[in-house]
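From first to last, the protein sequence lines stand for chains A and B.
Counted from 1, the first sequence has number 334 at position 334 by my numbering; the numbering is strictly sequential.
To convert, take the position in the second sequence, counting from 1, and add 598; that gives my numbering.
Virtual Cβ for every residue (Gly too), placed ideally from N, Cα, C.
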Amino acid sequence: MTKVKICGLMEERHVEAAKEADAIGFVFAPSKRRVSIERAAELAKHAPVSAEKIGVFVNASIEEIEETVEKVPLTMVQLHGDEPDELVQEIKVPVIQAFSIRGKEDVARLENSVADFVLVDAPGTDYRGGSGHVFDWTLLEEAEIEASRLILAGGLNAENVKAAVHQTGPYMVDVSSGVETDGRKDEVKIQQFIQQAKGDSMQQTADKTGFFGKYGGQFVPETLMKAVKELEDAYMEAKGDPAFKEEYHHYLSEYVGREQPLTFAKRLTEAWGGPKVYLKREDLNHTGAHKINNAIGQALLAMRMGKRKIVAETGAGQHGVATATICALFDLECVIFMGEEDIKRQQLNVFRMKLLGAKVESVTKGSSTLKDAVNEALRYWVTNVEDTHYLIGSALGPHPFPTMVRDFQSVIGEETKRQIVQHEGRLPDTVLACVGGGSNAIGMFYPFLKDESVRLIGVEASGEGLDTEKHAATMTKGTEGVLHGAFMKLLQTDAGQVLEAHSISAGLDYPGIGPEHAYLADIGRVKYESITDQEALEAVVSFSRLEGIIPALESAHAIAQAEKTAKTMGKDEILVICVSGRGDKDMATYAERLEGLS
Amino acid sequence: MNRLKLLKEQDAKAFVAYIMAGDGGLEKLSEQVLYLQKAGVTAIEIGIPFSDPVADGPTIEAAGNRALKAGVTLEKVLKEMASWTFEVEVPLLIMTYLNPVISYGVERFAKECKKARVSGVIIPDLPYEHRQLAQAFLKKEDVALIQLVTLTTTEKRLEAILQEAEGFVYAVTVTGITGARDQISEDVRTFTRKVREKSPVPVYAGFGISKVQHVDMLREDVDGFIVGSAIVEAFRNQTIEEIEPLIQAVTAPHSV
Ligand SMILES: Cc1ncc(COP(=O)(O)O)c(C=O)c1O
């Protein structure tokens, strides 16, 4: 199927609009669409990892081209000048050489090109080449050029692109002025162009939805592609159905006990001496944490899809318990994979799951923790995909999971936003949440993303310290990679092997972080800090004694960071902490680690 | 020229052997390749170990873990292959998960594959939709990106995938992960027949193939077989000669 390139991008929102294109182009040659290397690097952050990033040059030096390729970084180079063959061959990434087609003699020059791809265009006035004029496509019919090397440009727009594709069958079509209005890119035209060029036949499979900037995607084995696509469709359909929403909210209020209060923490506020502190009380949910918000939503969706078997992974056991609970409620068959190490650490939750009728499978592979439990759950899903839904526990995995989990958890942020305005008449200044895979945090943050006055802070676990090997600080120490179906940030070796994560809190013990968080960090919308095991334990004690709430270990990370952040804030400011869960499940750890407490 | 293109002209059924690079130490790799090409296999697929191989069953996962313990990396495997001075007579393929490739650099990966005389690459967690992540770089080096199709691949996607297929198509014969199986389901025949009708390149069946009776069952509907876990297991147990009848059963001229 013909690929689409949207060229001459200069603004973030246009890069976003071009999400479903296969390639985007930045112009580095003198032109009204010229961008600097730095600007292109900024813009590239908003494009899916799998999109080609192509730089357009006219008679640039090899040094200039190489520097640009490296810094943006670019995946392809497009040349519009009189570049000699030696230069074309010297460029390390695939090269597109552009030719203006006036007549047959130009076709001959193009046939001799040594570049990987040739781009044909009408004679230009802009940056030599891209004139927006249409050339006579029939000239190409006799050209000795493989269609698989051919890129078609020149006066294309949403109206004529279908015919152009039909006539020449090119590898890619390239458009710039054809998706502009008054000399500026136009989001609607960009999307219309892509749709027309690709036709409806493959539209759904070619789309790049499910990317947050460059992160996300559907990096799963072929056997699962049908299931993730079906899930994507089913979720989109359900999302638009008011009856589905109503049912979901019915269970949230009647079964989970929502809405949960936003409690003013009077003693904590006094003790910290800074901003007014409010607590979002996810600890009050049935089963003791935010995880059940997502479990209900996904279970309802699974039943809507006719699936009555559920597989899930769990680390701390919180998500496993939430899933087992919902499966009992709806009479669904339930298998939970849990690492052997975590089974030892979370005996009580293992028994709760069994009591609720779930089958708990011990995973003894790899590090025998959450990451390995996800692997086994995915393998189980691959094998039983036709009748089983994978109820993933955090904002992770292939699209649509990160989006869907976020949406189901957004009830946290939506309630908070409403409640703080009721209490204080305005939005908070700072909101904090802990980050394992990132579901309670994204649920809390998402409704605030557009409110730029609200500072958002995600808190990950630095275990025994960032300078040790025992931490789970993916955002601080991680690098880009693919795990469990998504391109995200990972703790990994130089050879791309995923490392074990370490945290006293089993729920933060994951070597990746959800793709949307990776994106929010890149664009600077959310700041990520980290808290050690020791700091979290200290917060457990002080918080329990000041507020009479024993927090989950995960939540204690957010609380510990909140204390640090509060020190930099004034008394007239407002700070909100997401207390994602209560500490019942952690009582054995507390008893052991806090022994001798007086 | 890419050796995979030669496969199309073959009459006999192809036998593709999968091995885990560095299971038992990286120095074993050349020995194993030499052994297999002498035993008459059509092509060899060299697996790169990965920490989280979600498409693989216990046999290949365990082999990967042994290789990782021995310090094997994608880089070392490609270097080792590039250093071979003996004649490689069959096409070599690399099977790797995506993350080691991203970490190594896709472009560098493509270039080093070429240097190592790799004809094709299989990346099980890089679906058709995201192929451009690797395809252009591989194409530049004339390395094929082998596509997989499965029992759950929808008609629409099947058409699209086959349209771009290079080298051969990997038809996954189980809804599940790799590993030896007793039974291959009857649906598989309908599936492979359908794929073969539409495919411009040879269709090889893989996942779960470990017995002569699997081969007999699917022989008429595929162009070749890919055998993994059974070979990995046999090399480990030093019983590789027991695989030879299976190779024979596939590659020998067959009259019905
Ligand atoms: C109470 C609690 N908070 C937070 C988390 C971390 O998960 P996430 O980052 O998806 O919110 C967990 C995970 O088990 C949890 O149990």
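Item	Value
Could you check how far apart the C-beta atoms of G213/A and D407/A are, in whole angstroms? I think they sit under 8 Å.	Wrong, their Cβ atoms sit about 18 Å apart, outside the cutoff.
Any chance the stretch 51-62 of chain A sits against the stretch 26-35 of chain A, with 3 or more Cβ pairs inside 8 Å?	yes
Let me see if you follow: with CB-CB separation under 8 Å, is A495/A close to chain C or not?	Of the protein chains in the structure, A and B, none is chain C.
Taking 7 Å as the cut-off, does the CB of G438/A come closer than this to any heavy atom belonging to ligand 1?	yes
In chain order, which continuous runs of the beta strand (DSSP E) of length 3 or greater are located wholly inside the stretch 36-63 of chain A?	52-57
Taking L432/A as the reference, which of M353/A, A324/A, K527/A, L520/A has the closest Cα?	K527/A
Using a Cβ-Cβ distance cut-off of 8 Å, determine whether E146/A contacts chain B.	no
Start and end of the beta strand (DSSP E) containing C434/A?	430-434
Using a threshold of 7 Å, is the CB atom of G315/A nearer than that to any non-hydrogen atom of ligand 1?	yes
Is I646/B closer than 8 Å to I675/B when the C-beta atoms are compared?	First, the amino acid is wrong: residue 675/B is Val here, not Ile. Yes, these two residues count as a Cβ contact at 8 Å.
When you compare only the Cα positions, how much space is there between A23/A and K667/B?	39 Å
Where do the ends of the alpha helix (DSSP H) carrying I845/B lie?	842-849
Within 8 Å of any Cβ in chain A, is that where the Cβ of Y616/B sits?	no
At a cut-off of 7 Å, would you count G55/A as near ligand 1, judging by its Cβ distance to the nearest heavy atom?	no
Could you run through the stretch 706-724 of chain B and flag, in chain order, every residue whose CB is less than 7 Å away from some CB of chain A?	P722, D723, L724
Comparing C-alpha positions only, which one of I145/A, A158/A, A164/A sits nearest to L152/A?	A164/A
Could you work out which residue in D821/B, R834/B, E831/B is closest to A882/B when comparing CA atoms only?	Since the first residue shown for chain B is 599 and the last is 854, residue 882/B is missing from the structure and cannot be characterised.
Would you check whether ligand 1 has a heavy atom nearer than 7 Å to the C-beta of E554/A?	yes
Have a look at A312/A and G393/A and give me their C-alpha separation to the nearest angstrom.	7 Å
For G217/A, which residues in chain B fall below 7 Å Cβ to Cβ?	H728
Assign A708/B to buried or exposed, taking buried as 16 or more other Cβ atoms, counted over all protein chains shown, within 10 Å of its Cβ.	buried
What residues from the stretch 789-822 of chain B come within 8 Å of chain A, judged by C-beta to C-beta, listed N to C?	none
Report yes if the C-beta distance between A769/B and P221/A is below 8 Å; otherwise report no.	no
For L594/A, count neighbouring C-beta atoms within 10 Å of its own C-beta (all shown protein chains included) and say buried if the count is 16 or more, exposed if not.	exposed
Give the residues from the stretch 768-779 of chain B that approach chain A closer than 7 Å (Cβ to any Cβ), ordered along the chain.	V770, T773, G774, I775
Using a C-beta cutoff of 8 Å, does R834/B count as contacting chain A?	no
Short of 7 Å in beta carbon distance, which residues of its chain neighbour D610/A, apart from the five on each side in sequence? Order them along the chain.	Only positions 1 to 598 of chain A appear in this structure, which leaves residue 610/A out of reach.
Using a cut-off of 9 Å between C-beta atoms, extract the partners of M1/A located in chain B.	A758, Q761, E762
Spatial neighbours of R525/A within its chain, please: C-beta separation below 8 Å, excluding the five flanking residues on both sides.	L449, L456
Mind checking whether A143/A and L119/A have CB atoms under 8 Å apart?	no
Counting only Cβ pairs nearer than 9 Å, list the residues of chain A close to S700/B.	Sequence inspection shows Ile at residue 700/B; the Ser mentioned does not correspond to that position. Residues of chain A passing the Cβ test: V49, E480, G481, V482, F487, G496.
Three or more beta-carbon pairs under 8 Å between the stretch 553-567 of chain A and the stretch 434-454 of chain A, yes or no?	yes
Could you give the distance in angstroms between the alpha-carbon of P725/B and the alpha-carbon of E516/A?	21 Å
Could you give the distance in angstroms between the alpha-carbon of D186/A and the alpha-carbon of V482/A?	32 Å
Counting along the chain, where does the alpha helix (DSSP H) carrying G443/A start and finish?	439-445
Decide if the stretch 347-358 of chain A is in contact with the stretch 318-327 of chain A; the criterion is three or more beta carbon pairs, one per stretch, under 8 Å apart.	yes
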